[in-house]
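Peer 1:
Number of protein chains: 2
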Amino acid sequence: MLVVQKYGGTSVGSTERIRLVAQRIQNTIARGHQCVVVVSAMGHSTDALVDLAKEIADVPDAREMDSLLATGEQVSASLLAMRLVHMGTPAQSLTGWQAGIATEDVHGNARVTSIETARLRQLIDSGITPIVTGFQGIANGNITTLGRGGSDTSAVALAAALHADICEIYTDVDGVYTTDPRVVQAARKLTEVSYDEMLELANLGAQVLHPRAVENAKHFAVPLVVRSSFSDEEGTSVVAITEQTLEGRQVVTGIAFERQVARIAVIGVPLQQHGLATIFSELASHGVNVDVIVQSVVDAAAVDVSFTVHEPDLTKAVGIVESLQESLHFTRVERQSDLAKVSIVGAGMISNPGVAARMFVTLRDANIAVHMVSTSEIKVSCVVPADDVERAVKALHVTFVEADAEASLSEAGSAVK
Amino acid sequence: MLVVQKYGGTSVGSTERIRLVAQRIQNTIARGHQCVVVVSAMGHSTDALVDLAKEIADVPDAREMDSLLATGEQVSASLLAMRLVHMGTPAQSLTGWQAGIATEDVHGNARVTSIETARLRQLIDSGITPIVTGFQGIANGNITTLGRGGSDTSAVALAAALHADICEIYTDVDGVYTTDPRVVQAARKLTEVSYDEMLELANLGAQVLHPRAVENAKHFAVPLVVRSSFSDEEGTSVVAITEQTLEGRQVVTGIAFERQVARIAVIGVPLQQHGLATIFSELASHGVNVDVIVQSVVDAAAVDVSFTVHEPDLTKAVGIVESLQESLHFTRVERQSDLAKVSIVGAGMISNPGVAARMFVTLRDANIAVHMVSTSEIKVSCVVPADDVERAVKALHVTFVEADAEASLSEAGSAVK
Numbered sequence: 001m002l003v004v005q006k007y008g009g010t011s012v013g014s015t016e017r018i019r020l021v022a023q024r025i026q027n028t029i030a031r032g033h034q035c036v037v038v039v040s041a042m043g044h045s046t047d048a049l050v051d052l053a054k055e056i057a058d059v060p061d062a063r064e065m066d067s068l069l070a071t072g073e074q075v076s077a078s079l080l081a082m083r084l085v086h087m088g089t090p091a092q093s094l095t096g097w098q099a100g101i102a103t104e105d106v107h108g109n110a111r112v113t114s115i116e117t118a119r120l121r122q123l124i125d126s127g128i129t130p131i132v133t134g135f136q137g138i139a140n141g142n143i144t145t146l147g148r149g150g151s152d153t154s155a156v157a158l159a160a161a162l163h164a165d166i167c168e169i170y171t172d173v174d175g176v177y178t179t180d181p182r183v184v185q186a187a188r189k190l191t192e193v194s195y196d197e198m199l200e201l202a203n204l205g206a207q208v209l210h211p212r213a214v215e216n217a218k219h220f221a222v223p224l225v226v227r228s229s230f231s232d233e234e235g236t237s238v239v240a241i242t243e244q245t246l247e248g249r250q251v252v253t254g255i256a257f258e259r260q261v262a263r264i265a266v267i268g269v270p271l272q273q274h275g276l277a278t279i280f281s282e283l284a285s286h287g288v289n290v291d292v293i294v295q296s297v298v299d300a301a302a303v304d305v306s307f308t309v310h311e312p313d314l315t316k317a318v319g320i321v322e323s324l325q326e327s328l329h330f331t332r333v334e335r336q337s338d339l340a341k342v343s344i345v346g347a348g349m350i351s352n353p354g355v356a357a358r359m360f361v362t363l364r365d366a367n368i369a370v371h372m373v374s375t376s377e378i379k380v381s382c383v384v385p386a387d388d389v390e391r392a393v394k395a396l397h398v399t400f401v402e403a404d405a406e407a408s409l410s411e412a413g414s415a416v417k
Numbered sequence: 001m002l003v004v005q006k007y008g009g010t011s012v013g014s015t016e017r018i019r020l021v022a023q024r025i026q027n028t029i030a031r032g033h034q035c036v037v038v039v040s041a042m043g044h045s046t047d048a049l050v051d052l053a054k055e056i057a058d059v060p061d062a063r064e065m066d067s068l069l070a071t072g073e074q075v076s077a078s079l080l081a082m083r084l085v086h087m088g089t090p091a092q093s094l095t096g097w098q099a100g101i102a103t104e105d106v107h108g109n110a111r112v113t114s115i116e117t118a119r120l121r122q123l124i125d126s127g128i129t130p131i132v133t134g135f136q137g138i139a140n141g142n143i144t145t146l147g148r149g150g151s152d153t154s155a156v157a158l159a160a161a162l163h164a165d166i167c168e169i170y171t172d173v174d175g176v177y178t179t180d181p182r183v184v185q186a187a188r189k190l191t192e193v194s195y196d197e198m199l200e201l202a203n204l205g206a207q208v209l210h211p212r213a214v215e216n217a218k219h220f221a222v223p224l225v226v227r228s229s230f231s232d233e234e235g236t237s238v239v240a241i242t243e244q245t246l247e248g249r250q251v252v253t254g255i256a257f258e259r260q261v262a263r264i265a266v267i268g269v270p271l272q273q274h275g276l277a278t279i280f281s282e283l284a285s286h287g288v289n290v291d292v293i294v295q296s297v298v299d300a301a302a303v304d305v306s307f308t309v310h311e312p313d314l315t316k317a318v319g320i321v322e323s324l325q326e327s328l329h330f331t332r333v334e335r336q337s338d339l340a341k342v343s344i345v346g347a348g349m350i351s352n353p354g355v356a357a358r359m360f361v362t363l364r365d366a367n368i369a370v371h372m373v374s375t376s377e378i379k380v381s382c383v384v385p386a387d388d389v390e391r392a393v394k395a396l397h398v399t400f401v402e403a404d405a406e407a408s409l410s411e412a413g414s415a416v417k
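Chains as they are written, first to last, in the UniProt record's numbering: chain Z, 1 to 417; chain P, 1 to 417.
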């Protein structure tokens, strides 16, 4: 089997941990597999480089920042390869350009465009394990980086290009849980989630895998496994879910939540003004990320629109919206802070009506107010008071995970959506 | 003018110093020059990387060591380019491979074989200052390093390839002195030395410039200047010396010295055995550097040979020589430690007989024993007791530098060699 293994910053955080990672790679090879390894920078070394750059310039040049940050992975890759060679396992470190990872010609957040695998193939065929620097590539002879979670993306892209049998993401948690175990003691590790579920869970705060990496894995059908580099426990598989595998699964896979949510409502936006387009374009151009958007028609001539932003962005966002009042002629802007978002996620929802209703009933029974609702095919999100978020997650975990563990799908299906 | 500037580790030892270097580069450009900059790694950052490698393996793999160490210069080059861009001076950092620096396919001590200057030329012509990582190159797609003093070599190689008008080596001393100012207060900075003089001075302990860089500068006729990055003082020019410029120069340019010298004498080596070749080949293959070698014929059938080694190598060297006694049939091995070497260096010696004699007279008058003598066209070296080395340097500095400052060449020429 050809295995791509990615080790995150914590997993290679010290020379001692690099030794353990080398041992794990050697064991994988001893079991008869071929390995391609992708590493992040050691622990907080990237932060140290960022601090240096800040001492040099308030807004460091993006090209130079990439060249600076890329050294972090080069250090960990060299040390890991050095350790493997020392242990008698042939290995070679490869930087982004050496591994043939071509990206868009942008800095700080480039996307991988193609991988020239000739050199990697040659190493693998010669029994030499390539240790590839994550997070980086090359464009027009310049070093580029892939942005946050970039090493996950590198690993998935390499697995896709090499047609690897599996891509193992080693991190400091041992898999994906039904919800945050710090909030719900009964949270349990999932043996399997779908790419889409993982995307919703990743976006909603289960920061185990970067969403872009999951998207790519889905697109190229790369089987992923998330597991811990500190134990030998089985991790969580992230896979495509077919109609067949869907049968017998729980309706809800996990409960995600997000704190620091604020709501902005724009009241009485005249319909003929294309006001919505203007408002959200303006917010985007100022770098304000908008999450849930809910619109309702007040009368034939105007709409009310509500949306959530990350709480620290609230004042800025309200300022931007208010600056548009004169041109858009809306009535007023309202704001509400101290909110949170709680979501149930599960591919099984598609074929199970009534899931949303069970969520509302659960929250009502727990006496938790719901300020906004948003749904997708595999997710229902409710905006609730920040103070109630942990109670909401616990109650929903009981309803959908703990109780459902014994419940049948047909039972869930009998509820009214 | 096209100026190559090389900044050593101390000169870029902190972000504050990098800011000062950026200012100096900007000033050079403001005076109408084009700049290509070569940087070493920040301060002791290379030592930190070496320490990491030692935690990974007793004998780190050479390829991975090069890849690891190369990050040091990449960090300083990125930060310096970042600073220049921040100051409004267009600049781009280039690693060894980006700058087109091809080397031999060996690790740890590669020689530059060629430089593909297209990218550098393009940047220079576009008004963008290239900031090149010193000490490193590329061979067969692998990162190589040039060994100790490698950044000097990079700078000279780039100056030669780009036909630069001058190569300025910025360091933490303000030039080359007639001798070590810590030993002789009257030591004065030289405005000019020849490549050959610089080579002898560099080899003999004035560690301002790496000998290989001086050799290359001589070979490609690159005009060098050694100066301080901490002041605006004029430095020392290292140039070719012609018959014309030789006239009017002092006979002796500088007094070099080296401590920790030990002497080994092999007595009664039979002539027919090719014993010398065996002895010195054996020492070389064990990594023992031999410096002064003196041989004298005892009778028609045997020779005595004496040579010096670095004192810490003495026991090892004696052991190697003694192990050859059975096969080479020499009489015995003698050893002497606690020695030092003092040398007078000057291109003017070639045309001035009697310089050696004046050296011996000076040492005799100072009551200093001379154990070995070795001469080249521009150097006379004497091995003396370690305890006497500072007195020897002072006395020779008086004779050849301080007194000669007023003396004429013809006067020196009248002495008998």
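For every residue, glycine included, the Cβ atom is placed at its ideal position computed from N, Cα and C.
Run the CB neighbour count on residue 250(Z), radius 10 Å, all protein chains shown included, and call it buried at 16 or more, exposed below.
Peer 2: On the first sequence, residue 250(Z) is found 250 positions in, with the first residue counted as 1. Per the 10 Å Cβ criterion, buried.
Peer 1: Sort 351(Z), 325(Z), 311(Z) by Cα distance to residue 335(Z) and report the nearest one.
Peer 2: Within the first sequence, residue 335(Z) is the residue found at index 335, counting from 1. Selected option, being the one with the closest Cα: 311(Z).
Peer 1: Ordered along the chain, which non-local residues of its own chain (more than five positions away) have a Cβ less than 7 Å from that of residue 261(Z)?
Peer 2: Indexing the first sequence from 1 puts residue 261(Z) at position 261. Here the set comprises 308, 311, 339, 340, 341, 383.
Peer 1: Going by beta carbon distance, what residues of the same chain come within less than 8 Å of residue 127(Z), once the five residues before and after it are set aside?
Peer 2: Numbered from its first residue, the first sequence carries residue 127(Z) at position 127. The answer, listed in chain order, is 90.
Peer 1: Exposed or buried, what is residue 346(Z) when buried is set at 16 or more other beta-carbons lying within 10 Å of its beta-carbon?
Peer 2: In the first sequence, counting from the first residue as 1, residue 346(Z) sits at position 346. The residue is buried, with at least 16 neighbouring Cβ atoms inside 10 Å.
Peer 1: Would you give the residue range spanned by the alpha helix (DSSP H) that residue 275(P) belongs to?
Peer 2: Along the second sequence, read from residue 1 onward, the residue named residue 275(P) stands at position 275. Unbroken alpha helix (DSSP H) run through residue 275(P): 275-285.
Peer 1: I need the straight-line Cα distance from residue 284(Z) to residue 290(Z), nearest angstrom please.
Peer 2: Reading the first sequence from its first residue, position 284 is the one you call residue 284(Z). Reading the first sequence from its first residue, position 290 is the one you call residue 290(Z). Taking the straight line from one Cα to the other gives about 8 Å.
Peer 1: By Cβ distance, which residues of its chain are closer than 6 Å to residue 159(Z), with the 5 residues on each side in sequence left out?
Peer 2: One-based indexing of the first sequence puts residue 159(Z) at position 159. 4, 167, 222, listed in sequence order.
Peer 1: Any beta carbon from chain Z within less than 7 Å of residue 23(P)'s own beta carbon?
Peer 2: As a first step, residue 23(P) must be located in the second sequence, where it is residue number 23. Not one chain Z Cβ lies under 7 Å of residue 23(P).
Peer 1: Do you know whose CA, among 67(P), 121(P), 141(P), 23(P), lies nearest residue 102(P)'s CA?
Peer 2: For this step, residue 102(P) is matched to residue 102 along the second sequence. Measuring from the Cα of residue 102(P), the nearest candidate turns out to be 141(P).
Peer 1: Taking only three categories from DSSP, how would you classify residue 5(P)?
Peer 2: Residue numbering aside, residue 5(P) sits at position 5 when the second sequence is read from its first letter. Of the three classes helix, strand and coil, the one that applies to residue 5(P) here is strand, per DSSP.
Peer 1: Within 7 Å (strictly less), CB to CB, does residue 81(Z) reach chain P?
Peer 2: For the purposes of this step, residue 81(Z) is taken as the residue at position 81 of the first sequence. Yes, contact with chain P.
Peer 1: Within 10 Å of its beta-carbon, does residue 16(Z) have 16 or more other beta-carbons around it, so buried, or fewer, so exposed?
Peer 2: As a working mapping, residue 16(Z) is identified with position 16 in the first sequence. Flag for residue 16(Z) reads exposed.
Peer 1: Output needed in chain order: residues of the region 25-50 of chain P with a Cβ under 8 Å from some Cβ in chain Z.
Peer 2: Result list: 49.
Peer 1: Looking at the structure shown, is residue 128(P) part of a helix, part of a strand, or coil, going by DSSP?
Peer 2: Translated into positions along the second sequence, residue 128(P) becomes position 128. Correct three-state label for residue 128(P): coil.
Peer 1: What is the DSSP secondary structure of residue 188(Z), counted as helix, strand or coil?
Peer 2: Position 188 of the first sequence, counted from the start, is the residue given in the question as residue 188(Z). Correct three-state label for residue 188(Z): coil.
Peer 1: Report the residue from 193(Z), 365(Z), 111(Z) whose alpha carbon sits nearest the alpha carbon of residue 143(Z).
Peer 2: Residue 143(Z) sits at position 143 when you count from the first residue of the first sequence. For the residues 193(Z), 365(Z), 111(Z), the minimum Cα distance to residue 143(Z) belongs to 111(Z).
Peer 1: Out of 2(Z), 180(Z), 24(Z), 351(Z), which has the shortest C-alpha to C-alpha gap to residue 393(Z)?
Peer 2: Working through the first sequence from its first residue, we reach residue 393(Z) at position 393. Measuring from the Cα of residue 393(Z), the nearest candidate turns out to be 180(Z).
Peer 1: Spatial neighbours of residue 350(P) within its chain, please: CB distance less than 6 Å, with the 5 preceding and 5 following residues excluded, ordered by chain position.
Peer 2: Within the second sequence, residue 350(P) is the residue found at index 350, counting from 1. Closer than 6 Å at the Cβ level, and outside the excluded window around residue 350(P), lie 377.
Peer 1: Rounded to whole angstroms, what is the Cα-Cα separation between residue 93(Z) and residue 86(P)?
Peer 2: Numbered from its first residue, the first sequence carries residue 93(Z) at position 93. Numbered from its first residue, the second sequence carries residue 86(P) at position 86. Residue 93(Z) and residue 86(P): Cα-Cα distance of roughly 33 Å.
Peer 1: Along the chain, which unbroken stretches of the beta strand (DSSP E) at least 3 residues long are found entirely within the region 262-348 of chain P?
Peer 2: List check, beta strand (DSSP E) in window: 290-299, 302-310, 332-345.
Peer 1: Compare the beta carbon distance of residue 429(Z) and residue 34(Z) with 7 Å and say whether it is the shorter of the two.
Peer 2: Any question about residue 429(Z) goes unanswered here, given that chain Z covers just 1 to 417.
Peer 1: Can you check whether the CB of residue 113(P) is closer than 7 Å to the CB of residue 72(P)?
Peer 2: As a working note, residue 72(P) is residue 72 in the second sequence. As a working note, residue 113(P) is residue 113 in the second sequence. Cβ atoms of residue 72(P) and residue 113(P): not closer than 7 Å.
Peer 1: Determine the closest residue to residue 59(P) out of 64(Z), 88(Z), 145(Z), 32(Z), with distance taken between C-alpha atoms.
Peer 2: Mapped onto the second sequence, residue 59(P) falls at position 59. Nearest option by C-alpha distance: 88(Z).
Peer 1: Please say whether residue 190(Z) and residue 208(Z) have beta carbons closer to each other than 7 Å?
Peer 2: Residue numbering aside, residue 208(Z) sits at position 208 when the first sequence is read from its first letter. Residue numbering aside, residue 190(Z) sits at position 190 when the first sequence is read from its first letter. In this structure, residue 190(Z) does not lie closer than 7 Å to residue 208(Z) by Cβ.
Peer 1: Quick one: grab the DSSP three-state call for residue 70(P).
Peer 2: Looking up residue 70(P) in the second sequence gives position 70. The answer is helix: DSSP assigns residue 70(P) an H, G or I state.
Peer 1: Using only the alpha-carbon positions, how far apart do residue 75(P) and residue 151(P) sit?
Peer 2: Within the second sequence, numbered from 1, the residue matching residue 75(P) stands at position 75. Within the second sequence, numbered from 1, the residue matching residue 151(P) stands at position 151. Rounded to whole angstroms, residue 75(P) to residue 151(P) spans 14 Å at the Cα level.
Peer 1: Please look up how many angstroms separate the CB atoms of residue 172(Z) and residue 8(Z), rounded, as I've assumed it's under 8 Å.
Peer 2: On the first sequence, residue 172(Z) is found 172 positions in, with the first residue counted as 1. On the first sequence, residue 8(Z) is found 8 positions in, with the first residue counted as 1. Yes, they are in contact, since the Cβ atoms of residue 172(Z) and residue 8(Z) sit about 7 Å apart, within 8 Å.
Peer 1: With a threshold of 8 Å, are at least 3 pairs of Cβ atoms found where one atom belongs to the region 234-243 of chain Z and the other to the region 211-226 of chain Z?
Peer 2: As far as the Cβ criterion goes, the region 234-243 of chain Z touches the region 211-226 of chain Z, which means the pair count is three or higher.
Peer 1: Is residue 1(P) a contact residue of the ligand COA, with contact defined as CB to any heavy atom under 6 Å?
Peer 2: For the ligand COA, the structure offers nothing, since it holds no ligand at all.
Peer 1: Let me see if you follow: with CB-CB separation under 7 Å, is residue 85(P) close to chain Z or not?
Peer 2: Numbered from 1 along the second sequence, position 85 holds the residue referred to as residue 85(P). With 7 Å as the cut-off, residue 85(P) counts as an interface residue toward chain Z.
Peer 1: With three or more beta-carbon pairs closer than 8 Å as the criterion, would you say the region 184-199 of chain Z touches the region 317-329 of chain Z?
Peer 2: Output reads no: the region 317-329 of chain Z does not touch the region 184-199 of chain Z.
Peer 1: 7 Å is my cut-off, CB to CB: does residue 229(Z) come that close to chain P?
Peer 2: Counted from its first residue, the first sequence places residue 229(Z) at position 229. For residue 229(Z), the answer is no, since every Cβ of chain P falls outside 7 Å of its Cβ.
Peer 1: Run through the region 110-178 of chain Z for me and flag every whole alpha helix (DSSP H) of 4 or more residues, listed as ranges in chain order.
Peer 2: Listed in chain order, the complete alpha helix (DSSP H) runs (minimum 4 residues) inside the region 110-178 of chain Z are 118-125, 150-161.
Peer 1: Quick one: is residue 68(Z) near chain P, going by C-beta distance under 7 Å?
Peer 2: Here residue 68(Z) refers to the residue found at position 68 of the first sequence. It does; some Cβ of chain P falls within 7 Å.
Peer 1: Of the choices 132(P), 29(P), 20(P), whose alpha-carbon is the least far from that of residue 40(P)?
Peer 2: Start at 1 with the first residue of the second sequence, and residue 40(P) comes out as number 40. Among 132(P), 29(P), 20(P), the Cα nearest to that of residue 40(P) belongs to 132(P).
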